[in-house]
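Numbering (numbering that gives the first Met the number 0), first residue to last: 0 to 322.
Have a look at the structure below, then the notes.
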Amino acid sequence: MNFPTTRLRRLRYNGIIRDLVSETQLTRNDLVMPLFVYPGTNVRNHIKSMPGNYQLSIDLLVEECKKIVDSGVKSILLFGIPETKDEHGHVACTTDGIVQRAIVAIKKEIKDINIIADICNCEYTTHGHCGTIIDNDVHNDLTLETLAKQALTFAQVGADMIAPSDMMDGRVAAIRQILDVNKFEKMPIMSYSAKYASGFYGPFRDAAESAPKFGNRNTYQMNPCNSDEAMREIEQDIYEGADIVMVKPALSYLDVIYRAKHEFNIPVAAYNVSGEFSMIKAAESMNWIDGARVMMEVLTSIKRAGADIILTYHAVDAANLLK
Ligand code: PBG
């Protein structure tokens, strides 16, 4: 391996050779587009902290989904902003909840689309926490009940995949059980297994109107210092029946994605979250970086680290560039 016998630049001389030896291929099949459903009709509220993303009423959401599918992105992840909220998130545990109605409407109009339902309570509770509050903290086991009910109603309205993002202990098992008892044994679960208490969720909380009204999420989301613990979370979720495990956020946790891929024989998803998206958009708007180029570099790095699936607000833009 000594210069001048070895010259690594030999395989970089032109684009064809570079493509020939390229180790990582980002494809449109890898991408999932998150969307926000809003009450009413003909509503299209621009989310200022996430340029190019909107809160959409169901009618416009269906039109948006047609464009997404045309771009080659076949999977979407839905979040809801409900008409009303309550203490426990019961508004999301009915088949006429806002996301449930959106799923019915999309499925009626679009055949080849994979709809992933995010399971959590933070968008649906008055206090903005991910579950039922007892003594100023989210009560784990009581929250499992609303999560399971919510998951069942999503299965009943035709969701294709269930994605719990709450970080309660035992939620994958609780959801798997209620699905199986109700004959949804074929429904896959993509678990947000290693979800960190991250500052990168700021813009999302504007979009989903889900910021906690008191305290923070540190008693249920993971400490950013830890990656051994992430492996334990993932192991536990696989044991409880998760079909896909997720690491979230992506960019500051590429080491966790890498470990997950190498330590477990299971598809790994990574969530390139709102703050990661918005940083690129902000720098691009200042002309400090080439936004499209940085977007592709970031997505490729997440794939290279080991993600099989990338949930990203860049999905449609990246798919259009990949055409
Ligand atoms: C919580 C949830 C969060 C995101 C998706 N679901 C984070 C949170 O508020 O704790 C963040 C996604 C993003 O930032 O893009 N159920």
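Where is the CB? At the ideal position from N, CA and C, for every residue including glycine.
- Message: Is any non-hydrogen atom of the ligand PBG found closer than 7 Å to the C-beta of C119, if you look at the structure I gave you?
- Response: Under cutoff, so the answer is yes.
- Item | Host beta strand (DSSP E) of D134 (start-end) | Where D134 is concerned, there is no enclosing beta strand (DSSP E), given that its DSSP letter is neither H nor E.
- Answer yes or no: the CB of S48 versus the heavy atoms of the ligand PBG, is any distance below 7 Å? Every heavy atom of the ligand PBG is 7 Å or more from the Cβ of S48, so no.
- Between V72 and Y53, what straight-line distance do the alpha-carbon atoms span, to the nearest angstrom? Note on geometry: alpha-carbon atoms of V72 and Y53 lie some 18 Å from one another.
- Just tell me which of G240, D85, A154 and V90 has its CA closest to the CA of I132. Ranking G240, D85, A154 and V90 by Cα distance to I132 puts D85 first.
- Item | beta-carbon C129 near the ligand PBG non-hydrogen atom, thresh 7 Å | Using a cutoff of 7 Å, the CB of C129 counts as near the ligand PBG, since one of the ligand's heavy atoms is closer than that.
- Alpha carbon to alpha carbon, how far is S190 from L141? Whole-angstrom Cα-Cα distance: 19 Å.
- According to the neighbour-count rule (16 or more other Cβ atoms, all chains shown, within 10 Å of its Cβ), is Y12 buried or exposed? The residue in question, Y12, is exposed, as its Cβ has fewer than 16 Cβ neighbours within 10 Å.
- Counterpart residues of A268 in DSSP-defined beta bridges: Assignment of beta-bridge partners to A268 by DSSP yields M245 and I308.
- Message: Using beta carbons (cut-off 8 Å, strictly below), is V42 in contact with chain B?
- Response: No chain B is present in this structure, which holds just one protein chain.
- Query: Given C64, which residues of its chain have a CB within under 7 Å of its CB, disregarding the five upstream and five downstream residues?
  - Reply: I75, I105, I109 and I112.
- Message: Quick check: what's the CA-CA separation for K66 versus S56?
- Response: Computed Cα separation, rounded: 16 Å.
- Query: Quick one, which of L250, G39, T299 and Y195 has its alpha-carbon nearest C224's?
  - Reply: Comparing Cα-Cα distances from C224 to each of L250, G39, T299 and Y195, the minimum goes to Y195.
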